[in-house]
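For our numbering, add 346 to where a residue sits in the sequence shown, where the first one is 1. What follows is a short report on a single structure.
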Amino acid sequence: SVNILEFGDSYLDPEKMSVIPPKLKSFKVSLYNDLSAEQVQALFSGMKTQNALTHLEMMGQDFSEVDPETLATVVNNLKCLNIGDGDLNFDQIQAIFSLLAQMSKLKELTISASDHLDITGMNAENLAVSVNKLQNLRLNCLTMTRDQIETVLRQVLIKSSLKKLVIGIPSDQYEEITEEIPEELVWEVRKKLDVFELDFDTVYDDE
C-alpha cells in the first residue's frame, strides 16, 4: 500500500507519475496532495497498463483531463474504489457504469462528486443492472431521478450482489423523491440488504 505523500516532489512530474510500480496493490491520493488535472491524467494512464492494483482512494482531485474510457477501464480492474469530492463529469460516470454492466472486478464503490453532478440522463435500467453487480455502493452528491433510484431498488429484489447501498439525495429534492418511492419497496430492500440508506447528501471527509 502506498500513499502518494511518501514520494518526493520529483515524483510529481506527470511523466514520472505515469509509471506505476508493477506490483503495487493499493494507492491513496489525499486532499493534501492537490494534484493538477494533468497529474491525475498521468496517474490513470499508468494505472491502465498496471494489472496488480486492487484498491484506489482519491480525495478532492480533478479528473477533468482523464479520458472516460481510460477511467472506466482502470476502475473496473479494481476491487475497491473510493472517490471523495471528485471533479467528475457525466461521460466519465456513464463510462464507469456501462463497463461495469459488461465485465468488472469491482466490488466496492464510493463516489462523492464535488458539485452535485447531474446523472439524470443515464438509462435507469442500465444503471440498475450495473449497480447491482457490486457488493457495496455509496453515491453522494450525484443528482438522480426518482425513476432511477426506484429502478435500482426493484433490481435489488430481482437479482443483486449488493450487501450495502447508500444513496445521498440533495436536500432540496429529498422529500419529493422519497415520498414517491413506494414504502413497501423500501421495506423489502431494507430486509434484503445488510445496510440500506436513502439519506441527505453529506460532505465527504478525508480520513
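Quick reminder that beta carbons are idealized off the backbone N, C-alpha and C, glycines included.
Query, Result
"Contact check, glutamate 543 vs valine 498, beta carbons under 8 Å", "no"
"Sub-8 Å separation of glutamate 360 and glutamine 396 beta-carbons", "In the sequence as displayed, the identity of residue 360 is proline instead of glutamate. Cβ atoms of proline 360 and glutamine 396: not closer than 8 Å."
"Exposed unless 16 or more other CB atoms sit within 10 angstroms - verdict on proline 414", "buried"
"Contact belief for isoleucine 429 with methionine 404 at Cβ below 8 Å, rounded distance in angstroms", "5 Å"
"Cross-strand partners of leucine 485 (DSSP beta bridge)", "Ile457, Ile513"
"Cβ-Cβ distance between serine 460 and aspartate 431 below 8 Å", "yes"
"Among Trp533, Arg536, Arg500, Phe546, the one whose alpha carbon lies nearest that of glutamine 519", "Phe546"
"As assigned by DSSP and simplified to three states, the class of valine 420", "helix"
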